[in-house]
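In terms of numbering that gives the first Met the number 0, the sequence shown is numbered consecutively and its last residue is 187.
Built from N, CA and C at the ideal position, the CB exists for glycine as well.
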Amino acid sequence: MNVSKLNLIVTGFILLQLVVACSQTNNTNTKTEEKPTTATIEQQQPSQAATAPVPDSTYTDEDGNDVAKFSDYNDAADHSIKDMPRTTLTVVGGNEYDFGKHKAGKELTHVFKIKNTGNEPLVISSARPSCGCTVPTFSTDPIEPGKHGEVKIAFDTYSRDGMQVKTIRLNTNATDNPTTLTIKADLE
């Protein structure tokens, strides 16, 4: 049996499964009739800010039954956003490094300094280069808030010519993940 016939059979089988699955879904949806639920909110004092839930508010269903009553703000409203746990980083000196002009055939290295600017430990889980000629090394130990870590980049210029631009995708637990580091070199 040739490959095109096999592909046709597999495609037909998949389409048949989709049709059967869709028809079963439609049948179950038409058999059940559910009464829609709506809720109304009675506010006993004016809202002071965009916090949730509003104190002394009663939430009721369509039959007038109390669903929930909040007499206090929840704990989350007592904390400002700046106190919420988050991990951020800054690449000291910038995310890009230009080696300038060099003769091809030697290894060029650069160390990017990573500062933990968040309030939780920063963990670098991986560093993925865009090319096999670029090798990143780093520590997987957590970087405490306010402290620095390093990512060393080794770029093998053997048999390379002209302007070279390589990227390293740094995967971390930071909120702005991933971070891209870039190296450049003009090789002769």
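Going by DSSP, what residue range makes up the beta strand (DSSP E) through Y96?
Its beta strand (DSSP E) spans residues 95 to 101.
Assuming F154 contacts E106 under a Cβ cut-off of 8 Å, what Cβ separation, rounded to an integer in Å, is found between them?
About 7 Å separates the two Cβ atoms, so the contact holds.
Please state the DSSP three-state secondary structure of D185.
The three-state secondary structure of D185, taken from DSSP, is strand.
Where do the ends of the beta strand (DSSP E) carrying L107 lie?
Annotation for L107: the continuous beta strand (DSSP E) segment containing it runs 106 to 115.
Integer-rounded CB distance, given that K112 should sit under 8 Å from V91:
Contact between V91 and K112 holds, with the beta-carbon distance rounding to 4 Å and staying under 8 Å.
Nearest to K100 by CA position, among V122, V164, N170, is which residue?
It is V164 whose Cα lies nearest to the Cα of K100.
The beta strand (DSSP E) spanning R127 covers which residue range?
Here the beta strand (DSSP E) through R127 covers 123 to 128.
Within 10 angstroms of the Cβ of N176, are there 16 or more other Cβ atoms? Answer buried if so, exposed if not.
Exposed.
Are there 16 or more other CB atoms within 10 angstroms of the CB of T156, so buried, or fewer, so exposed?
Counting of Cβ neighbours within 10 angstroms places T156 among the buried residues, the total reaching 16 or more.
Please determine, among A126, T86, N170, the residue with the shortest C-alpha to C-alpha distance to T116.
Among A126, T86, N170, the Cα nearest to that of T116 is on T86.
Indicate the three-state DSSP secondary structure (helix, strand or coil) for T178 in the structure shown.
T178 falls in the strand class under three-state DSSP.
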